Amino acid sequence: MTENKKHFFFEHYGLSNQDLEKYLAAALSAGGDYADIYFEYLSSTSLSVDESMVKSASQGISAGCGVRVVSGERTGYAYTDDLTPARILHAARTAALIASAPAKTTVTGFQQKPARSLYPVTLPSVDAEITAKVELLMRADRTARAFDSRIKEVRASYADELRTILIVGSDGTFAEDSQPLARMNVSCIAKTETVSGRGTSGGGGRIALDFFMGEKNPEHFAKEASRQAILQLDAREAPAGDMEVVLGPGWPGVLLHEAVGHGLEADFNRKKTSAFAGLIGKRVASEKCTVVDNGTMPWRRGSLNVDDEGQPTQETVLIENGILKGYLSDKLSSKLMGLADTGNGRRESYAHIPMPRMTNTYMLAGQDNPEDIIRSVKNGIYAVNFGGGQVDITNGKFVFSASEAYLIENGQVTAPIKGATLIGNGPDVLTRVSMVGNDLKLDEGVGTCGKDGQAVPVGVGIPTLKVDRLTVGGTARRETGGYMQ
Amino acid sequence: MTTTLGTTQQATDLKSLATDVVRRAMQGGATAAECVAREGDEFSTVVRLGQVETLKEAGSRSVGVRVFFGQRAASTYSSDFSPAGIERMLKSALELAKITSEDPFSGIPEAGKLGSLPGDLDLYHEDVYSLAGAERIDYARRAEKAALDSDPRIKNSEGGSFDAATGRKVLANSHGFVGEYQRSYCSVSAVPIAQDDAGNMQRDYWYSVARSLAKLDPAEQVGKEAARRTLRRLGARKAKTAHVPVILDPMVATSMLEHIFEGVNGDSVYRGASFLAGKLGEQIAGGNITVIDDGTIVGGFGTSPFDGEGIPTRRTVVIENGILKSYLLNTYTAKKLGLETTANASRGLAGTPGIGPGNYFLQAGKKSPEQIIGDIKDGLYVTEFLGMGVNLVTGDYSRGASGQWIVNGELAYPVEEITVAGNLKDIFKNISEIGSDLEFRGSVASPTIRIDGLTVGGE
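Chains A and B, in that order, are what the protein sequence lines are. Residue 546, in the working numbering, is where the first sequence stops; the numbers in between run on with no holes. Residue 497, in the working numbering, is where the second sequence stops; the numbers in between run on with no holes.
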């Protein structure tokens, strides 16, 4: 590591290599196999336009560091939001109490990993003119209101942040990163005298503000949210029961995230609490399915130069032609399981312990023409937009809620239906994928994943997919199926 | 762990800090200002398969300010309490307020409405940190062990845990209001995993939570209950698609109450984003339904002496015998709707105040859960919902569920991978039974309820 380069925390908090070595030594003062310190300085903005007014504007700064000591399978963690030497030392000594052995030899010297640059912005959005951000929201508001006279309520919001981190570890890890993130969102309510509907659309990534000046501009999101809200006015009740389901490309990839992604996080498999435990090398999907987690895609919301343990992210094949290939791991799981560290150790903030998390998870494109996929369905639903999903990783049961879906009748997409919930079984659902489209799309950059109370930004994607059987939860009595009492 | 908690961050006098921030905001040209300052300590441990898995301990603090220039408002926050950090926070708030819109309804509450409930509300007990580190770990270990020892089919675990936390909050504003309170919290939980002969796993959990260690359920009791809930899920199958009566156990019935809360939340009401907007005085639920929000209950999980804007908390009847009596409001939404605030302002560090519950509950009925189940020939007892398929604009409701199938008044076998769907407008009118088992395990509570007329989606 070159001392003459300016390091953010060295410059702003007077830290030096010697200090870091001292803190790590304190962390290992009661033994322990490994210790690391995660320094974070987070600056953020959030704005919202409601009733065509800028009603809410806020900015904030939070900074702190978290010290972790690992001893076998045990983790001690302490954090402080006061980055003074005394407090950092106190945190290090507190975390150290997890171990009870003679002090380890201390770390001397760090190795800085070669820098990567997946999101090289010159002006982070958080530092851009606030009036430019306000203008984005006002444009979204005007577009949505002009879209259709039945659009009655419009709320547009914008949030950005710049997270500067430094991670040092007793294994010599020294990783710095500056992670921009921005997102805008438009939500609309359409109303007539008798019915109402809502629509939401948004996007972003680890991008600069000019991202919203291109194709993904406020008008794009406003029109999309408005279109969805108007569509809901004519929606029928969703059917209930098992049926063929076609998923549209892009955000419906939340299916993969819930159905297989969480179940393949290494911590659950190390503890054998996942429905996928012990299935490596086994068939868990139809041979048309290849699923990857890829943290290295430029500008994407789920991407990272290094994960929150300082390890470079990578592309990891989870399922290849239907066969389960690997797990997503962090330092702790890779060490205990004897696996490679896939760079998936992530955390919400300095106040949180890292754990294996997804980055951008998607299925590779297949051979089928999306129109042929629809045409092959006699009676089913076509789901193109989703709210969110949830999974119980122990039994693999997952659900996700369709915010835009249609009936498919005799190979034709027909009436829109109201929010249907889809429910299935993770280890099972991809074995029922019989057609995979040639139209892989990633989501627009709005995903946030929760696990153990920690939220992190992620991406998802799929091509058009046909699932031969999935349970749909609706309210309509289905004449053709005849399984209503 | 032997470090002392609760002392590391107490050096700053939060009251002086908050009043100083307000004073300096006014000096900077603001016409009104409000400051929140918070500090807290937390401890948590997870013991898995008898071994400590994680120990976490820390203290943190933060400060936020909201400033007004006439009817324009903005807010900023910081975790940096240094003079430079506070100065930067104030400066950016005053700058930021210039870009927001004139909103005729914005502002802090009138001076005459501000205040704090008198007396001891029993929200703080130092005993949550009274145990030595080893005993805290032992609490978690005992909860897990009781679960593991319950039955040989419990073969794995996500652990037992013990958590404790205390927090102090100060609110000050430019009408001279300065309020402060402290709250404590502790909990013990267990998450066992059971496995059947075929190797299929099921997980469930149980917990106890209290403001005082003395009031926490014994760890063994928590572990045993977690095991019971987990074991009864083994062998779950799918159900047939059907239209049957559905019973929600108290843990999942609270979610229905939360939907009512979102429906009467002044923010969604004035925007017309609620299926309950414009329905004050109307019958929106069965005559058996009375829903109360009460932020004043001594020792309650949703109790505080004043709300996020400095208005004394109160008791509000939301629904009385099925008739919608009141929305839940803060100052802004009350002005928008031409009503009085119900003291439900909920203030984070940044942003405009939102609306949060006090102690919010459905009044208990007379029947025991067993009697309610006993009345049903063929139906579903839901113990878990999955997913978020609720549209509060239209009331459309569709969620994943698991639980037990009821045959001839008995819980006959576990079911999973099913959905429950309907519309909230009908659901509240179709709650045909309310249990006697109301118990607060958080700020929102419901007894067991029976709902008729839902669609269960399965095979």
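By construction, the Cβ of each residue, glycine as well, lies at the ideal position given by its N, Cα and C atoms. Quick caveat, the model's predicted, so the values are computed rather than measured.
- Taking C-beta atoms as the reference points, A/Arg362 and A/Leu197 fail to come closer than 8 angstroms.
- Chain A places a beta carbon closer than 8 angstroms to that of B/Met426, counting this residue as a contact.
- For A/Ala290, there is no enclosing beta strand (DSSP E); the enclosing alpha helix (DSSP H) covers residues 279–293.
- Going by beta carbons, B/Gly427 and A/Gly480 fall inside the 8 angstroms limit.
- Contact between the stretch 100–110 of chain B and the stretch 56–72 of chain B is present, with at least three C-beta pairs closer than 8 angstroms.
- Contact note: A/Gly125 reaches chain B through Ser98, Ser117, using a C-beta cutoff of 8 angstroms and chain order.
- Annotated three-state conformation of B/Ala372 is helix, per DSSP.
- Around A/Glu112, the same chain offers no residue with a beta carbon nearer than 7 angstroms, after the five sequence neighbours per side are excluded.
- Taking C-beta atoms as the reference points, A/Thr192 and B/Ile137 count as a pair closer than 8 angstroms.
- A/Gln428 and A/Pro181 have their alpha carbons spaced roughly 34 angstroms apart.
- Assignment of beta-bridge partners to B/His281 by DSSP yields B/Thr493.
- Counting the other Cβ atoms within 10 Å of the Cβ of B/Pro230 gives 16 or more, which makes it buried.
- For B/Asp141, there is no enclosing beta strand (DSSP E), as DSSP marks it with neither H nor E.
- Interface with chain B (8 angstroms Cβ-Cβ cutoff): A/Arg259 is included.
- Excluding the 5 residues flanking it on each side, A/Tyr95 has same chain C-beta neighbours closer than 6 angstroms at Val131, Ser231, in chain order.
- Straight across, the Cα-Cα distance linking A/Ile484 with A/Gly534 is about 8 angstroms.
- Taking one beta carbon from each stretch, the stretch 200–209 of chain B and the stretch 75–86 of chain B have 3 or more pairs nearer than 8 angstroms; the two touch.
- Listed by position along chain B, the residues whose Cβ is nearer than 7 angstroms to that of A/Ile434 form an empty set, because the closest Cβ is around 23 angstroms away.
- Under the three-state reduction of DSSP, B/Trp244 is assigned to strand.
- Around A/Ser218, the same chain offers Ser109, Asn246 as residues with beta carbons nearer than 6 angstroms, after the five sequence neighbours per side are excluded.
- As the crow flies, the alpha-carbon of B/Glu300 is around 7 angstroms from that of B/Leu430.
- Taken in chain order, the members of the stretch 82–96 of chain B whose beta-carbon sits within less than 8 angstroms of a beta-carbon on chain A are Arg86, Gln89, Val90, Glu91, Thr92, Leu93, Lys94, Glu95, Ala96.
- Here the C-alpha atom of A/Ser262 lies approximately 43 angstroms from the C-alpha atom of A/Gln172.
- Within the stretch 371–395 of chain B, contact with chain A at the beta-carbon level (separation under 9 angstroms) is assigned to Leu387, Ala388, Gly389, Thr390.
- Counting C-beta atoms within 10 angstroms of its own C-beta, B/Thr457 has 16 or more neighbours from the protein chains shown and is therefore classed as buried.
- In the three-state reduction of the DSSP assignment, A/Lys83 falls in the helix class.
- Residue environment analysis places B/Pro283 among the buried positions, since at least 16 neighbouring C-beta atoms fall within 10 angstroms of its C-beta.
- In the assembly as shown, A/Gln372 is a buried residue. Its beta-carbon has 16 or more other beta-carbons within 10 Å.
- By the criterion of a C-beta distance shorter than 6 angstroms, B/Ala184 is surrounded in its chain by Glu258, Gly261, Lys262, once the five residues flanking it on both sides are discounted.
- In the three-state DSSP reduction, B/Leu132 falls in the helix class (H, G or I).
- Beta-bridge annotation (DSSP): B/Ser406 is not paired with any residue.
- Using a 10 angstroms sphere on the CB of B/Lys94, the tally of other CB atoms reaches 16 or more, which defines it as buried.
- In this structure, A/Ser257 keeps its C-beta atom at 8 angstroms or more from the C-beta atom of B/Thr371.
- Selection B/Ser188, B/Lys463, B/Ala277 evaluated against B/Gly324 yields B/Lys463 as nearest (Cα-Cα).
- Across the set A/Phe337, A/Thr225, A/Phe235, A/Ile291, the C-alpha of A/Phe337 shows the shortest separation from the C-alpha of B/Asn238.
- Counting other Cβ atoms within 10 Å of its Cβ, A/Ala176 stays below 16 and is therefore classed as exposed.
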